[in-house]
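Inspection log for the structure reproduced underneath, given as structure tokens.
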Amino acid sequence: MNFSLLVKDLGWHSLIFFVVTALGYLFVSGSLYALVFLRGAAKHSPIATRKLKADLSLRNIWLSVRHDVVLSLWSSAIFAVCASATTTAYTLGYTRLYTEPTQYGWWYLGFSLCLVLFLQDTYFYFTHRLAHHPRCYRWMHQGHHRSNNPTPLTAFSFDPAEALVQALYLMGAVCFIPMHLFVLYAVVLAMSLGALLHHFSIRMFADSAFGRWLGSWMIGPMHHWYHHRKYNVHYGLYFTFWDKLLKTHCDDYEEKLTLQITPQTVKQLGKPSLSIARSPQRKTLPFPVPFKKAS
Ligand SMILES: [Zn+2]
Ligand SMILES: [Zn+2]
15 MNFSLLVKDL
25 GWHSLIFFVV
35 TALGYLFVSG
45 SLYALVFLRG
55 AAKHSPIATR
65 KLKADLSLRN
75 IWLSVRHDVV
85 LSLWSSAIFA
95 VCASATTTAY
105 TLGYTRLYTE
115 PTQYGWWYLG
125 FSLCLVLFLQ
135 DTYFYFTHRL
145 AHHPRCYRWM
155 HQGHHRSNNP
165 TPLTAFSFDP
175 AEALVQALYL
185 MGAVCFIPMH
195 LFVLYAVVLA
205 MSLGALLHHF
215 SIRMFADSAF
225 GRWLGSWMIG
235 PMHHWYHHRK
245 YNVHYGLYFT
255 FWDKLLKTHC
265 DDYEEKLTLQ
275 ITPQTVKQLG
285 KPSLSIARSP
295 QRKTLPFPVP
305 FKKAS
């Protein structure tokens, strides 16, 4: 094995992954932000647009955008290095990635996708709770919560430590779980789309019996928006399973969100603003502690 060649490859791959990730983020999140959040012309405009327009100022918008973009570019760099390291590990035969779909049977493709997503949800829930511990919050998670009204630009706005923790999951998963390359791509796609959707601040699920049922088990934008405001509820990534099991789920958050359109509820939840929260609430649950029932 030629070590210097390996390091050179790692560097080039990192650069390519960074350019692709950063440009993808800037184009997709930037377009959605400009079209929906700045124009706010859509009939069902995001809650962050409807409720917060009164507090908009060009300076606040600029501060918020700059904060989210800078952190997202740092995250993109960390994701790129981790993706490059995974590529190198694959080349050297250290991963369980495979390319022949029938190697473990067709059924295994679906099973492994569900397994990897469920384990990722579990990993995210517990590391997210850890990130809210007062000893970790400041350096691990504060950056993400500074935008108290998330927008698509907040999707990858993580502190570098948090970005690394999240990237380590997939690096570990490909080394231990046999995974077809397309399953890995599907997981990366689900992560990216999920991150975008969850920071859109709009109601995603239809107001039907099925929509309500789906919304009670799947995490949507309003579910995550509530986490950005309340801090001590809704820690999950894709599903509400762990939040419900460990009593960090607010069952009536939909009603509270509907109510909070009124000035009184706005007061309860804090001053709405597209700007960066000046003094983020530090209402965190120590971890591990006996779990409090979510309010
Ligand atoms: Zn978030
Ligand atoms: Zn959080």
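Residues in the sequence shown are numbered from 15 upward in steps of one, following the working numbering.
The beta carbon of each residue, even a glycine, is placed where N, CA and C say it ideally should be.
Spatial neighbours of S90 in its own chain (CB-CB distance under 8 Å, excluding positions within 5 residues in sequence) are listed in chain order as F32, T35, A36, Y39 and F170. In this structure, the straight-line span from the alpha carbon of V201 to that of A175 is close to 21 Å. In the DSSP assignment, C189 falls within the alpha helix (DSSP H) that extends over P174 to F190. L46 and L207 have their alpha carbons spaced roughly 12 Å apart. Burial of L198 is indicated by the presence of at least 16 other C-beta atoms within 10 angstroms of its C-beta. K261: not part of any alpha helix (DSSP H); DSSP gives it neither H nor E. With respect to the 8 Å criterion, P166 and F214 are classified as neighbours on the basis of their beta carbons. Between the alpha carbons of Q180 and D135 lies a distance of about 11 Å. Judged by beta-carbon spacing, V42 lies beyond the 8 Å limit of L259, meaning their Cβ atoms are not closer than that value. Distance from S18 to V95 at the Cβ level is roughly 18 Å; contact not present, criterion being Cβ atoms closer than 8 Å.
Of all residues, those with a beta-carbon under 6 Å from at least one heavy atom of ligand 2 are H142, H146, H155, H159 and H241, reported in chain order. The DSSP-derived three-state label of L106 is coil.
Collapsing the DSSP output to three states places S90 in a helix. Checking the 7 Å criterion, the Cβ of P164 is within range of a heavy atom belonging to ligand 1.
A Cβ-Cβ separation of about 10 Å leaves T109 out of contact with L195 under the 8 Å criterion. Annotation: I216 is outside any alpha helix (DSSP H) and is labelled neither H nor E by DSSP. In this structure W239 is not in contact with P192, their Cβ atoms being roughly 37 Å apart against a cut-off of 8 Å. Boundaries of the alpha helix (DSSP H) around M154: P148 to M154. Secondary structure note for I30: its alpha helix (DSSP H) is the uninterrupted segment F17 to L46. For L251, the three-state secondary structure derived from DSSP is coil. When distances are taken from the beta-carbon of T168 to the heavy atoms of ligand 1, the shortest one is below 7 Å. Residues F31 of the same chain have their beta carbon placed closer than 6 Å to that of A97, with the five preceding and five following residues left out of the count. When the five nearest sequence neighbours on each side are left out, the beta carbons in the same chain lying within less than 8 Å of the beta carbon of L131 are those of V201, A204 and Y252, in order along the chain. When only Cα atoms are considered, I75 and L49 end up about 14 Å apart. Distances taken from the Cβ of H248 to the heavy atoms of ligand 1 include none shorter than 7 Å. Sequence-distant partners of Y267 (beyond 5 residues in either direction) whose C-beta falls short of 6 Å from its own C-beta, in its chain, are Y240. If you draw a straight line from the Cα of S126 to the Cα of Y183, it comes to about 15 Å.
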